[in-house]
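Let me begin by presenting the structure, written as structure tokens, before commenting on it.
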Ligand SMILES: Nc1ncnc2c1ncn2[C@@H]1O[C@H](COP(=O)(O)OP(=O)(O)OP(=O)(O)O)[C@@H](O)[C@H]1O
Ligand SMILES: [Mg+2]
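Residue numbers (my numbering): 37 to 326.
The following block contains the structure:
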């Protein structure tokens with residue numbers, strides 16, 4: 037979806053992608069709080085994100101309703117990394133858009149501290165350089181171009197993008213575009229990050245490097261993260277909890293708590309065991325036996 041396509045939808049502001057949503061929309065997500073103004077969670081009982089019995093349908097272009105979510109309930113605690121896995125089309129992206137206030141639920145409740153979305157498709161602006169795309173959320177937040185570049189440059193380099201500051205998005209590989217979008221989301225400075233398949237377009241080695249980098253970045257500057265991934269191993273390596281969704285319309289059918297110490301290794305016996313457990317649950321979900 038392009039920013040223009042987003043703008044064309046009533047009640048949707050594309051700047052929400054980077055957590056700069058306006059108040060006053062018909063969405064129950066709480067918005068526009070200074071990113072670090074308060075450590076007190078808004079969603080209650082230590083939660084940063086709370087979804088209760090959320091129902092949501094999309095209207096397709098023929099005017100028919102496609103029900104994406106049916107009674108989805110989920111909590112992400114303050115500073116928790118919650119991974120969400122589930123079959124393709126089960127409503128994961130829809131769930132993240134609800135948390136970020138890009139969609140409103142048809143029923144149920146969505147309450148979240150201010151959240152920035154890294155969309156599944158990178159939505160980089162083709163006319164801006166890679167560095168200016170990375171700093172876009174900072175610019176939208178009111179800072180000068182110079183300031184946005186100063187903030188984006190170090191992260192840009194850490195993610196292996198050095199030398200491509202001035203490149204336009206069409207000159208970048210898919211994995212590089214994804215990393216630029218990742219920097220843009222991080223620099224939005226919101227307490228909740230919604231990451232939609234953030235490492236999906238990366239080769240295996242770069243993916244592992246990004247996972248390690250994300251873990252270090254979060255330990256240096258803790259945030260609440262809702263991570264949608266198709267990679268169960270990634271979920272077990274990074275998450276405090278893994279929620280498994282049913283096929284569409286999505287709802288949570290299982291939750292696994294991961295208490296293993298960090299950093300975790302994919303070859304650790306406990307990681308392998310948990311990954312197998314999660315894969316079994318996913319298999320049951322697909323077969324409809326969960
Ligand atoms: N804007 C839209 N208009 C109509 N239907 C939509 C729209 N967005 C999503 N859907 C439908 O809602 C359902 C859930 O979509 P969603 O993108 O949330 O799934 P997902 O779990 O993120 O899938 P994937 O893993 O493939 O990314 C799908 O059937 C999809 O076709
Ligand atoms: Mg999706």
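No residue lacks a Cβ here, since even glycine has one placed at the ideal position from N, Cα and C.
If you draw a straight line from the alpha carbon of residue 85 to that of residue 201, how long is it in whole angstroms?
-> In the chain shown, residue 85 corresponds to position 49, counting from 1. In the chain shown, residue 201 corresponds to position 165, counting from 1. Using only the alpha carbons, I get a separation of about 34 Å.
Any heavy atom of ligand 1 within a distance shorter than 6 Å of the CB on residue 179?
-> Here residue 179 refers to the residue found at position 143 of the chain shown. Ligand 1 never approaches residue 179 closely enough for any of its heavy atoms to be under 6 Å from the residue's Cβ.
Sequence-distant residues of the same chain with beta carbon closer than 8 Å to residue 246, five excluded per side | By 1-based counting over the chain shown, the position of residue 246 is 210. 195, 215, 218, 234, 235 and 238, listed in sequence order.
Would you list the residues sitting across from residue 113 in a DSSP beta bridge?
-> Start at 1 with the first residue of the chain shown, and residue 113 comes out as number 77. Assignment of beta-bridge partners to residue 113 by DSSP yields 83.
Between the C-alpha atoms of residue 330 and residue 285, what's the straight-line distance to the nearest angstrom?
-> Nothing can be reported for residue 330, as the shown portion of the chain is limited to 37 through 326.
Mind listing, in chain order, the residues whose beta carbon lies closer than 7 Å to a non-hydrogen atom of ligand 2?
-> Listed by chain position, these are 128, 129, 156, 232, 233 and 264.
Could you name the residues of the same chain whose beta carbon sits closer than 8 Å to that of residue 210, not counting the 5 residues immediately before and after it, in chain order?
-> Reading the chain shown from its first residue, position 174 is the one you call residue 210. In chain order, 237 place their CB closer than 8 Å to the CB of residue 210, counting only its own chain and leaving out the 5 sequence neighbours on each side.
With C-beta atoms as the reference, is residue 126 less than 7 Å away from residue 230?
-> The sequence position of residue 126 within the chain shown is 90, counting from 1. The sequence position of residue 230 within the chain shown is 194, counting from 1. No, the pair does not count as a contact, with Cβ atoms beyond the cut-off.
How is residue 145 classed by DSSP in three states: helix, strand or coil?
-> Your numbering for residue 145 matches position 109 in the chain shown. Strand, per DSSP.
Spatial distance of residue 323 from residue 281 (CA atoms) | Residue numbering aside, residue 323 sits at position 287 when the chain shown is read from its first letter. Residue numbering aside, residue 281 sits at position 245 when the chain shown is read from its first letter. Taking the Cα positions, residue 323 is about 13 Å away from residue 281.
From 176, 87, 157 and 119, pick the residue whose C-alpha is nearest to that of residue 140; which is it?
-> In the chain shown, residue 140 corresponds to position 104, counting from 1. Out of 176, 87, 157 and 119, 87 has the C-alpha closest to the C-alpha of residue 140.
Out of curiosity, what's the CA-to-CA distance linking residue 164 and residue 303?
-> Walking along the chain shown from the start, residue 164 turns up at place 128. Walking along the chain shown from the start, residue 303 turns up at place 267. C-alpha separation (whole angstroms): 41 Å.
Distance, Cα to Cα, residue 43 vs residue 318?
-> For the purposes of this step, residue 43 is taken as the residue at position 7 of the chain shown. For the purposes of this step, residue 318 is taken as the residue at position 282 of the chain shown. In this predicted model, residue 43 has a pLDDT of only 34, less than 50, meaning its place in the structure is not dependable; the value taken from the coordinates is given anyway. One C-alpha to the other measures close to 35 Å.
Taking the continuous beta strand (DSSP E) assigned at residue 291, which residues delimit it?
-> Taking the chain shown and counting its residues from 1, the one referred to as residue 291 is at position 255. It spans 288–293 - the beta strand (DSSP E) in which residue 291 sits, taken as one unbroken run.
Do residue 224 and residue 173 have their CB atoms nearer than 7 Å?
-> One-based indexing of the chain shown puts residue 224 at position 188. One-based indexing of the chain shown puts residue 173 at position 137. Taking 7 Å as the Cβ cut-off, residue 224 and residue 173 qualify as a contacting pair.
Answer with buried or exposed for residue 142, where buried requires no fewer than 16 other C-beta atoms within 10 angstroms of its C-beta.
-> Looking up residue 142 in the chain shown gives position 106. Residue 142 counts as exposed, since fewer than 16 other C-beta atoms from the protein chains shown sit within 10 angstroms of its C-beta.
Any heavy atom of ligand 1 closer than 6 Å to the CB of residue 284?
-> What you label residue 284 is simply residue 248 of the chain shown in a count that begins at 1. Correct: residue 284 has its Cβ closer than 6 Å to ligand 1.
Can you have a look at residue 190 and say buried or exposed, based on whether 16 or more other CB atoms are within 10 angstroms of its CB?
-> Taking the chain shown and counting its residues from 1, the one referred to as residue 190 is at position 154. Classification of residue 190: exposed, given that the 10 Å Cβ count is below 16.
Straight-line gap, residue 296 to residue 275 (C-alpha atoms, nearest Å) | Here residue 296 refers to the residue found at position 260 when the chain shown is read from its first residue. Here residue 275 refers to the residue found at position 239 when the chain shown is read from its first residue. C-alpha separation (whole angstroms): 10 Å.
Can you tell me whether DSSP reads residue 94 as helix, strand or coil?
-> The sequence position of residue 94 within the chain shown is 58, counting from 1. Three-state result, residue 94: strand.
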